[in-house]
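The UniProt record's numbering applies: residue 1 is where the sequence shown begins, and numbers increase by one.
By construction, the Cβ of each residue, glycine as well, lies at the ideal position given by its N, Cα and C atoms.
Everything below concerns the one structure shown next.
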Amino acid sequence: MSLDTTLIGVPDAALDPPHGVEVCPDCGLIQRLPLLQGRGKLACPRCGHIMERTSGRSINAAMAMTLSALFLLIPANFLPLLSVDIFGVHHQSVLASGIWGVAAQGWPVVAVILALELLILPFLRFSTLAVVLLQLDTGHYPSWLGRMFRWSEWLDQWAMLDVFLIGFGIGYERVAPFLPIEVGTGGWCVVGLAFLSMLTRATLERREIWRRIGPNVESLDLDQEYIGCGHCGMPVAAHQEGQACPRCAAKVWRYKPQSTMRTMAFALAGFFCYPFAYLYPMEYNYQIGKMEGYTIMTGVMKLIDAHFLLFAAIIFMASIVIPFLKLFSLSWFFISVRTHSVKQLRLKTAIYRLIKTIGRWSHVDVFTVTVFLPLMHLSGLLAVYVGDALPAFLAVVVLTMIATEIFDPRALWAAYLMEPHE
């Protein structure tokens, strides 16, 4: 068993004696970490995962952001998002309008996914996090607190209001040059929620929260073998594999059972949907008897022609580059694990962290369609319809996100750990 730590940007005088033992969630290295007293960060010496950072982190600030977001959720959901006048006919939309429009056009599964990502999961994310932070503030740590914080972390990946902000901006810019459109009170609340969501993530230091929730491991018996919880990083005796973690209540595994095969199954499903997402139109625009379909690439070119180069770059990266990168990377990981490759392990782990972080932003194109779908409607003259590519594209995004969640990056290091190392 190896105990090590790497300190980045932290002067020696700013460090206390070793504070506790944690396990890197990306490579499984057990490390004795000090308590940071100044600005800086601690990185895993094996894979480079940032174990903790103190710069810009504050539990009190995160609690303020979380409670503010909860306050804004009600007006954001029920007040007008956008309003537009089409030949004297006034249309308003709320956050759920585009979701109802998708369901009404015969795509109920897509509508359910969008409702979860934009309406239900954001509320659950901020609610669970608020409960955790308020409990920490009282100094009372019930046994269910670790489980609730684990849930709030999982929900953070799927609560999409910050991603929706980009789709909201692109949808607005697509309508604004042709029709008088105004952002309503609900729209400004959504903008505020998106920024609060990002600020909450930026100010929250998860290791500090886990340390407060406890229990913490201060030292290990070097004659005993340990494995780490893949969620909270707590070291657990190897003979307790498969049992609940004492801190977060997740089952502790050396490597997630069958994670590589399950990851590849979801990735293959993503590969199957991939060509349909790009060959068929994402949307159809009906204007005075003329129906015109727009693929993802057509939408990018339309934005370029309208001189919205930044939005065109965002759509190109989010809708074309990122899904391909995820599918390619997951396939590379699968082959590496199956062939017991020990090459470029640090690079592979860094790519895993990248695709896990940016994968959710591929929803931008889907959200763009849902923003202006309820606005562009005038019976017999003007309408927007969901194209066959939108469900296929959403499937690619969701399937690759699930695949990334299921994959255990520690499996990449399994062959490396079989070799003798100092």
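Do residue i and residue j have their CB atoms nearer than 8 Å?
i, j, result
"F266", "I402", "yes"
"F367", "G167", "yes"
"D162", "S197", "yes"
"S362", "I315", "no"
"F123", "L73", "yes"
"S83", "P374", "no"
"G233", "V364", "no"
"S58", "R39", "no"
"G186", "A76", "yes"
"D85", "L199", "no"
"I99", "L121", "no"
"P235", "I30", "yes"
"T370", "V102", "yes"
"Q243", "K256", "no"
"N216", "G20", "yes"
"G387", "Y274", "no"
"G48", "R346", "yes"
"A395", "S259", "no"
"F393", "M282", "yes"
"F334", "M264", "yes"
"L204", "A130", "no"
"R353", "D26", "yes"
"L119", "L155", "no"
"C248", "G146", "yes"
"K348", "W332", "yes"
"H91", "H340", "no"
"I213", "F276", "no"
Please check the pair residue i and residue j, which I expect to be a contact at CB under 8 Å, by giving their CB distance rounded to whole angstroms.
i, j, result
"V190", "L42", "About 36 Å; that fails the 8 Å criterion."
"S319", "I296", "5 Å"
"V132", "L390", "Between L390 and V132 the Cβ distance is about 36 Å, and since that is not below 8 Å, they are no contact."
"I406", "R262", "5 Å"
"R254", "I227", "5 Å"
"A269", "L399", "5 Å"
"L382", "Y294", "The Cβ separation is near 15 Å, so there is no contact."
On the DSSP bridge assignment, give the partners of residue i in chain order.
i, result
"residue 423", "Outside the modelled stretch of the chain, which goes from 1 to 422, sits residue 423, for which no answer is possible."
"G293", "Y284"
"P235", "G228"
"I181", "V84"
"H90", "D85"
"A244", "K251"
Use the C-beta contact count for residue i: other C-beta atoms within 10 angstroms, 16 or more gives buried, fewer gives exposed.
i, result
"K290", "exposed"
"R125", "buried"
"N60", "exposed"
"I288", "exposed"
"Q279", "The displayed chain sequence assigns Leu, not Gln, to residue 279. Exposed, by the Cβ-count rule."
"R201", "exposed"
"W413", "buried"
"E225", "exposed"
"E419", "exposed"
"D4", "Unreliable positioning characterises D4 in this predicted model, as indicated by a pLDDT of 49, which lies under 50. The coordinate reading is nonetheless provided below. D4 comes out exposed."
"S336", "buried"
"A238", "exposed"
"H142", "According to the sequence provided, residue 142 is Pro. The question's His does not apply to it. Its Cβ having fewer than 16 others within 10 Å, P142 is exposed."
"R338", "exposed"
"V397", "buried"
"M301", "exposed"
"F87", "exposed"
"L310", "exposed"
"E52", "buried"
"residue 423", "Any question about residue 423 goes unanswered here, given that the chain covers just 1 to 422."
"L303", "buried"
"A104", "exposed"
"E208", "buried"
"residue 424", "The structure shown does not extend to residue 424, since the chain is modelled only from 1 through 422, so no value can be given for it."
"E241", "exposed"
"P409", "buried"
"S219", "exposed"
"G230", "buried"
"A312", "buried"
"P17", "Caution applies to P17, whose pLDDT of 41 falls short of 50 and renders its modelled position unreliable; the model cannot decide the point."
Is the closest heavy atom of the ligand HEM to the C-beta of residue i under 7 Å?
i, result
"A62", "The ligand HEM is absent from the structure shown, which contains no ligand whatsoever."
* Enumerate, from N- to C-terminal direction, the unbroken alpha helix (DSSP H) stretches of 4 or more residues contained entirely within the region 114-190. => 121-138, 145-158 and 161-175
* Where are the alpha helix (DSSP H) runs, 4 residues long or more, that stay fully inside the region 308-393, in chain order? -> 309-316, 322-338, 345-358 and 364-372
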